[in-house]
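Under my numbering, think of the first position of the sequence shown as 2, with each following residue one higher.
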Amino acid sequence: MSSVGGGKPDESVWGKSRGLDPELAPYPLVRHLLDAAAMALHLWDVYLSGSQRLSIAEGLGFAAEPGRARAVVGLCAGLHDIGKLSGFQFCSRHGSEGLAASLGRDRARMGSERLGHDVAGMRAAADVLAVLGFEADGETVAAERVAEIIGGHHGRFYRNEGGGGSPFLGGPAWARQRAAHASAVHSLLDSPAAPESFKPAAAVLVTGVVILADWLVSQSDYLRGRQRSLQASLAEHFARSCADAVGLLADAGLVPVRLRRADFAEAYGIDGQPNALQRSVMQELPAAAGAGGRGGILLVTAAPGDGKSETALEAERVLSEVFGTHGFAFLLPTMATSDQMYGRIAQALTRQSGRGAGLTLVHSMAWLNSAYSDETLEAGQQVVTCDGDEVAAGRQRAQADMRPRQWLRGSKRPLLAQFAVGTVDQALMSVLPVRHNALRLMALSGKTFIVDEAHAYDAYMQVLLGRLLNWLGAFGVPVVLLSATLPASVSDGLIKEYLQGAGHRQAILSKRTFPAPYPGWLYVDGSSARATQISELRRREQAGERSMELHVAVEPVVRGPGAVRDRLAVIEYLVELVAAGEGGTALVVCNTVGDAQETYLRLRARFDDRSHADGGMVQLLHARFPGDVREARTMRIAEGMGRTGPRPVRRIVVATQVVEQSLDLDADVVVSDLAPLALLLQRAGRCWRHENWWARHGYPGGRGRPGWARAPRLVVLDPLAGGGAVPRQWGEVYSEFLLDKTSAKLGELAGKAVSIPEDVQELVESVHGTAAEHFDWDAFDSRRTAAWTAHQGKQLAQRGRAGLVAVCRARSVRGLHALHSLPGEEDEWDTATRLGAKSVRLLCAYVHTDGRRTLDLAGDEPLPDPGAGQKLPAAAVRAVMRRTVPVSADWFHAEDAQALAPPASWAEHPMLGDVRVLYQPVREGAAHSVAVGGKMLRLDEDLGLVRR
């Protein structure tokens, strides 16, 4: 085998040692490099979508020669650990013991400087690549970009400031070995030539491929097997690595599966035909999308309950066929909505022969979802990380086990699956300067990207979403945005961000607008920026199919017993018909958990004193229940008030904002606290949600609506009507300016019906649109002036904060270090996907009179606390985390830290280490409140976590 650089790789230079057979020599570095190169080639052939391969090839100047692009990707993976030919070799005693004498002479000098091997590789790359001919024609861009990829293969990019003469890199003997190792990889890849260019966006994707390839071939079982039976030659080893890549990728669940595309009714388990909106996407979108070449963005607008989720999945069918993507990422605002959507997607894939497809639930607590994860959580084989310089002191908790058959449940890996459902936060992390953002971008770039409830994000998250759309536009990724109440100014801005990423100039885009029909869809082609809308015929059909006259009533309310318009008394009066006579269903939506608990107690006392567990008529749902309780309650309520029933004879559900988004509920009447108008429309979407469907297909169990429910009705409890003020209990839940605008608009609607869907967009614009933000300074009112100023200031601050922390737009990147440009250490970066108080998880435990600490009130389940040297069983970790409640970190003061500290044995656990524990004393069989942060906290079985 010839070698460009001359010389032969010294196999005493090791690449992997920890976790392998200590009786054998460590795994040679050159063989690990060949393993990674082989896996990268297989990822190109099988895992990457056609659109991803095209993006990389175009970025390399090889659009007409994808084979050359493939070879360069393999070379980047094959050079990723070249920096281990450095002082790194001395960080493991077992590894350094077998090192050739000629390489050991520089040990003292090399130890005078300390670098990570990723940075060492980046600094050495220029000399190594020169040996491979990457500067033969004076072209340095490609070499610089490959160096950045090598430096970023552990998830963080660095500024390449040269430094090839660093003592850590050793002397001439080490330089010769770096050249020999690189030449061996280069030769076995058929000596790929340097690309003519290497655009930053393409380099980001290549970095993601390199990271994934490295992970896949670094599994401990695989490495031990190769360590025990090394092939005689590097050529034989590389051939074996290429063959092994097939099984490794399949075992990780990353081989794309082609679905059997069933018809609409079969795919979604719906007894009926698609509605007009869905038919339009199926019949009209192919022509619009087929006219373009590199992606496009689709905005779907329709009232709640109009089947936007199925519309998005039908759009994905069209777009993936046109643009060559594999699967989709379906992102939602909350974990609860993600959990529900996961079940629906899983069923749809199963009906289309998708059992072998990778489907993941992507949020921080996904492993607790009973429909998603197994019961054991047993750890599988580990990925062998790098000895010595990979795990900084005090960061062991950040290291997670990898389970090859369950890779897609591990940290940072779920988005790699062909199909992913989860919170939008997981996608937004890809445009924040956090480790492995390149991997996230690579994972997303091969899918159709779907964002549900696009209206549900504040100004901060909208900026981050826009930045992500900019990168997806650069990659030619098809995007689908779904919303019932998205202001035109927001949708227009998101579309333009996508088009800027696709290469359109901002100066030209600023002169255009992209109005969307309502209901309907708007598709904008990424290549030409040509806009196509749903046909007017189909739009009118959809409006007619879902047409509903929503009767809106405003009830002025005050707070306090005995008041003429006491809020609780008004609610009691409004739902009284449900509790008597024919019964029915009512949904009462409160703005705070405290209000919901208080309302629930009042209605229980008045109508049915049975608890939720006893099947009482009045039920309570909010976010402050332990995870397992909330999951069970959500499922039970959704079953009783969903499309298929069976419908309860009488049901009053008291809830918070958790019911606004994606929960499939149908109530005979909805009563709501005052909220911004867009959210009121979302809440109203739970009123008579399935009426048109039931009118055509029959009511569940043959029971129609009660006689008193003659029309869909939304009743708004307005504390501002008549000159009132925003209740102190609401705090900063909603902008006072938006509440005031909404109250005024509701006053204009008095005695009128709202036509759904015809009036929806106009109502949204009247409060949330650009025109509504203008303030009439002539009509001076100190309270309204202060509210407007606070609202505008918060909006500007959120946008400004997001602009500071987000990575720059795709076409603005010059060096990859721009993706990690914040100063300081990574763990100091404030790069949250949402603003506001940090959330922590609180476990409500019980302390009995005999000193026992338990997870349950009865005292049957001890609080897990293993002794020294013992490991927490996975089942115990699950038992704890399923009982935790997300709460605001602002609840706790510094002086509460000791009282809320978890058992010492949890301190270094990656999941339990940050849990706070509320130790509730148990006396006479009852749990008593605990003083924390100036409030009294107690977990009530029926009310959830109570804070007074």
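Using N, Cα and C, we set each Cβ at its ideal position, and we do this for glycine too.
Sequence-distant residues of the same chain with beta carbon closer than 7 Å to residue 277, five excluded per side = 539, 542, 543 and 546
Span of the beta strand (DSSP E) around residue 912 | For residue 912, there is no enclosing beta strand (DSSP E), as DSSP marks it with neither H nor E.
Please state whether DSSP places residue 591 in a helix, a strand or coil.
-> Coil at residue 591, not helix or strand.
Check the C-beta distance from residue 40 over to residue 246 and give it rounded, since I have them as a contact under 8 Å.
-> Right, their Cβ atoms sit about 5 Å apart.
Grab me the residues of residue 755's own chain with a C-beta within less than 6 Å of its C-beta, minus the 5 sequence neighbours each way, in chain order.
-> Around residue 755: 551 and 553.
Is residue 8 helix, strand or coil by DSSP?
-> Residue state, collapsed to three classes: coil.
Using the C-alpha atoms, what's the distance from residue 892 back to residue 202?
-> Answer to the nearest angstrom: the Cα atoms are 42 Å apart.
Residue 650 (DSSP reduced to helix, strand or coil) = coil
Do residue 301 and residue 472 have their CB atoms nearer than 7 Å?
-> Cβ atoms of residue 301 and residue 472: not closer than 7 Å.
Is the beta carbon of residue 848 less than 7 Å from the beta carbon of residue 946?
-> no
If we count the other Cβ atoms within 10 Å of its Cβ and call it buried at 16 or more, is residue 581 buried or exposed?
-> exposed
Whose C-alpha, out of 579, 810 and 757, is nearest the C-alpha of residue 709?
-> 579
Assigned exposure category for residue 1 - 16 Cβ within 10 Å defines buried = For the chain, the structure presents residues 2 to 949; residue 1 sits outside this window and is missing.
Residue 930 by DSSP, collapsed to three states: which one?
-> coil
Residue 220 versus residue 635: straight-line alpha-carbon distance, rounded = 39 Å
Near residue 113, which residues of its chain fall below 6 Å by C-beta distance, leaving aside the five closest residues on each side in sequence?
-> 168
Taking the alpha-carbon positions, what's the residue 548 to residue 762 distance?
-> 14 Å
When we look at the beta-carbon of residue 565 and count the other beta-carbons within 10 Å, is it buried (16 or more) or exposed?
-> Label assigned to residue 565: exposed.
Among 503, 512, 790 and 713, which has the Cα closest to the Cα of residue 811?
-> 503
Out of curiosity, what's the CA-to-CA distance linking residue 1 and residue 284?
-> Residue coverage of the chain in this structure runs from 2 to 949, which leaves residue 1 outside it and unanswerable.
Sub-7 Å separation of residue 324 and residue 359 beta-carbons | no
Over what stretch of residues does the alpha helix (DSSP H) that includes residue 311 continue unbroken?
-> Here the alpha helix (DSSP H) through residue 311 covers 309-324.
Going by DSSP, which residues form a beta bridge with residue 522?
-> 301
Give the single residue among 179, 801, 656 and 102 whose Cα lies nearest to the Cα of residue 595.
-> 656
What number of angstroms, rounded off, separates the C-alpha of residue 349 from the C-alpha of residue 598?
-> 36 Å
Note down the Cα distance separating residue 125 from residue 150, rounded to an integer number of angstroms.
-> 13 Å
Only counting runs of 3 or more residues, tell me where the beta strand (DSSP E) segments fall wholly within the region 444-512, in order along the chain.
-> 449-452 and 480-484
Would you report the Cα separation of residue 585 and residue 694, rounded to the nearest angstrom?
-> 18 Å
Check: residue 467 C-beta below 6 Å from any heavy atom of the ligand SAM = No copy of the ligand SAM occurs in the structure displayed, which carries no ligand at all.
Secondary structure of residue 216, DSSP reduced to three states | Note: residue 216 maps to helix in three-state DSSP.
Helix, strand or coil for residue 950 per DSSP?
-> The structure shown has nothing for residue 950, since the chain only spans 2 to 949.
Boundaries (first-last residue) of the beta strand (DSSP E) holding residue 885 | 885-889
Could you check what DSSP says for residue 50 in three-state terms: helix, strand or coil?
-> Under the three-state reduction of DSSP, residue 50 is assigned to coil, being neither helix nor strand.
Is residue 929 buried or exposed, if buried means 16 or more other CB atoms sit within 10 Å of its CB?
-> exposed
Leaving aside the five residues before and after residue 602 along the sequence, list all residues of the same chain whose C-beta is less than 6 Å from its C-beta, in chain order.
-> Within the same chain, residue 602 has no close Cβ partners at all.
Kindly indicate the opening and closing residues of the alpha helix (DSSP H) around residue 71.
-> 67-79
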